[in-house]
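S.K.:
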């Protein structure tokens with residue numbers, strides 16, 4: 022049986038979660054799939070759990086390797102994939118039973134290269150089509166790039182891809198936030214992109230993962246990948262999205278690291294020079310930009326002002342909720 026979709030699942034020390042992940046994939050309504058499980062040097066018994074699943078379901082193929090990282094595991098899956106379409110799943114997450122079927126049928130019906138779909142975070146709706154500013158159906162590239170950056174995230178796992186898109190593209194190995202530096206290249210290469218608002222992916226946000234690690238080094242790595250994204254789409258001619266991305270990146274860097282950090286100086290200068298404000302910026306971001314541009318105060322004072330303002334707002338909301346419960 023030749024598979025219609027190859028699902029690539031990197032696994033590393035997730036014994037507590039991987040069984041639920043594989044259960045959800047084995048229960049897919051689209052049966053003609055292959056499940057490529059890349060055990061990336063797990064030391065907690067995750068690999069053995071995957072092997073047991075492979076014995077029960079012949080669609081599962083487990084590859085054991087030394088620990089090379091998430092990108093390397095995904096890249097090996099891409100090399101081994103036999104289906105015309107690819108999907109990615111993180112091994113601590115689960116998926117809807119139509120996770121493969123709906124995007125695959127959409128891709129066939131619309132003759133498109135990428136299908137983007139909705140997801141839940143810890144069981145809750147993160148964003149819908151209206152919030153993202155896009156409509157269900159065919160998307161132009163700039164709308165897809167903008168929605169990905171602003172709302173849906175530059176994730177690998179909320180999309181179905183035509184296999185050929187990865188002929189010359191791989192995930193950067195040895196880097197964090199690798200999807201940021203990869204998905205925009207795929208979207209730029211795609212001829213046709215379709216969005217469906219169905220929530221097909223169930224993301225588990227938990228402590229100790231890259232997405233929740235707020236260390237300085239992780240943040241600098243994220244900034245680096247976001248800069249690569251902004252530079253890449255600028256080179257491709259998407260000037261407005263590139264400008265929005267660059268300024269949002271600058272604001273993020275300044276708010277987190279302050280103005281005295283050497284790595285942030287270029288971003289401070291960008292903010293001081295700009296007369297343009299991205300439409301998605303919050304009031305807090307606009308407030309801070311005004312302070313940076315007009316005031317001679319040290320940035321740490323500005324940041325304290327912003328923190329006090331946010332704390333006041335949170336305190337007001339908490340009091341309001343408490344009284345509303347009593348009434």
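Residue numbers (the numbering used here): 22 to 348. Positions of the beta carbon are idealized from the N, C-alpha and C atoms, including for glycine. The structure presented is a predicted model; accordingly, all values stated were derived computationally and were not measured.
Can you tell me the Cβ-Cβ gap for residue 273 and residue 239, rounded? I've got them flagged as a contact below 8 Å.
M.R.: The Cβ separation is near 13 Å, so there is no contact.
S.K.: State the Cα-Cα distance for the pair residue 246 and residue 34, rounded to the nearest angstrom.
M.R.: 25 Å
S.K.: With DSSP as the reference, please indicate the residues paired to residue 166 in a beta bridge.
M.R.: Looking at the DSSP assignment, residue 166 forms no beta bridge with any residue, so it has no partner.
S.K.: Within 10 angstroms of its Cβ, does residue 122 collect 16 or more other Cβ (buried), or is it exposed?
M.R.: The residue is buried, with at least 16 neighbouring Cβ atoms inside 10 Å.
S.K.: Report buried or exposed for residue 189, applying the criterion of at least 16 other Cβ atoms within 10 angstroms of its Cβ.
M.R.: exposed
S.K.: Label residue 175 either buried or exposed according to how many other C-beta atoms from any shown protein chain fall within 10 Å of its C-beta, with 16 as the threshold for buried.
M.R.: Burial call: buried.
S.K.: Tell me, which residues are paired with residue 113 by DSSP?
M.R.: Paired residues: none, contrary to the question.
S.K.: So for residue 84, helix, strand or coil by DSSP?
M.R.: strand
S.K.: Which residue or residues does DSSP assign as beta-bridge partners of residue 194?
M.R.: In DSSP, residue 194 forms no bridge with anything.
S.K.: How far does the alpha helix (DSSP H) with residue 130 in it reach, from first residue to last?
M.R.: 122-131
S.K.: Would you check if the region 129-136 and the region 206-213 touch, i.e. whether three or more CB-CB distances between them fall below 8 Å?
M.R.: As far as the Cβ criterion goes, the region 206-213 touches the region 129-136, which means the pair count is three or higher.
S.K.: Report all residues from its chain with a CB closer than 6 Å to the CB of residue 313; omit the five preceding and five following residues, and keep chain order.
M.R.: 292
S.K.: Flag this pair as touching only if the region 29-46 and the region 104-124 have three or more C-beta atom pairs under 8 Å; answer yes or no.
M.R.: yes
S.K.: In angstroms, rounded to a whole number, what distance separates the CA positions of residue 79 and residue 109?
M.R.: 19 Å
S.K.: What do you reckon, are the CB atoms on residue 97 and residue 59 nearer than 8 Å?
M.R.: yes
S.K.: CA-CA distance, residue 233 and residue 226?
M.R.: Unreliable positioning characterises residue 233 in this predicted model, as indicated by a pLDDT of 45, which lies under 50. The coordinate reading is nonetheless provided below. Approximately 8 Å, taken between the alpha carbons.
S.K.: For residue 265, which residues from the same chain have a beta carbon less than 6 Å from its beta carbon, with the 5 sequence-adjacent residues on both sides left out?
M.R.: 299
S.K.: Residue 127 to residue 72, Cα distance in whole Å?
M.R.: Near 32 Å, if we compare the C-alpha coordinates of residue 72 and residue 127.
S.K.: Here's a check: name, in chain order, each residue in its chain whose Cβ is nearer than 8 Å to the Cβ of residue 39, leaving out the five neighbours to either side.
M.R.: 32, 67, 70, 71, 112, 113
S.K.: Pull up the distance between the alpha-carbon of residue 182 and that of residue 250, whole angstroms please.
M.R.: 19 Å
S.K.: Could you give the distance in angstroms between the alpha-carbon of residue 64 and the alpha-carbon of residue 85?
M.R.: 11 Å
S.K.: Kindly indicate the opening and closing residues of the beta strand (DSSP E) around residue 54.
M.R.: 54-61
S.K.: By Cβ distance below 8 Å, which residues in the same chain neighbour residue 102 in space, the five residues on each side in sequence not counted?
M.R.: 27, 29, 55, 57, 184
S.K.: State the Cα-Cα distance for the pair residue 131 and residue 106, rounded to the nearest angstrom.
M.R.: The alpha-carbon atoms of residue 131 and residue 106 are separated by roughly 14 Å.
S.K.: Pick from 213, 177, 143, 215: whose alpha carbon is nearest that of residue 15?
M.R.: Limits of the chain in this structure are 22 at one end and 348 at the other, which puts residue 15 out of reach.
S.K.: Taking all protein chains shown into account, do 16 or more other C-beta atoms lie within 10 angstroms of the C-beta of residue 318, making it buried, or fewer, making it exposed?
M.R.: Because the pLDDT at residue 318 is just 43, under 50, the model does not fix this residue reliably, and the value given afterwards should be weighed accordingly. Residue 318 should be labelled exposed.
S.K.: Is the CB-CB distance between residue 90 and residue 194 below 8 Å?
M.R.: Contact flag set, yes.
S.K.: Sort 219, 255, 306 by Cα distance to residue 139 and report the nearest one.
M.R.: 219
S.K.: Since residue 166 contacts residue 81 with CB under 8 Å, what's their CB separation in whole angstroms?
M.R.: The pair is not a contact, with the Cβ atoms about 34 Å apart (cut-off 8 Å).
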